[in-house]
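Contents: one structure, followed by commentary.
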Amino acid sequence: MSAAARPLEGGRRLSLSWIGAVPFFLYVGVFLLLPTAIIVGGSLLTPGGTLSLANFDGIDKPYMFKAFASSIAISSVSA
């Protein structure tokens, strides 16, 4: 008697239950995460390409606060 041969297609099969979520994750990645990364990265870099917080110098100015508050108000009304 010889030992039993291994099955040709044995083992665990890859579950395809997640395949429906792929378009959602692609959408989130392309239209939400990528633009966010570009904006955050651009805000932390100088035109020369070095890391800096210089772009946030004017954040405590009254006109910046007013613009931010107006933006939040418009966003909350239109959402």
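Just so we're aligned, residue 2 is where the sequence shown starts under our numbering, counting upward by one.
Virtual Cβ for every residue (Gly too), placed ideally from N, Cα, C.
Computed from a predicted model, the values in this text were never measured in an experiment.
Query                                                                                                  : Result
Distance between beta carbons of residue 52 and residue 45, contact taken as under 8 Å                 : 6 Å
DSSP state of residue 54 mapped onto helix, strand, coil                                               : coil
Unbroken stretches of the alpha helix (DSSP H), 4 residues or longer, contained in the stretch 7 to 47 : 23 to 29, 35 to 44
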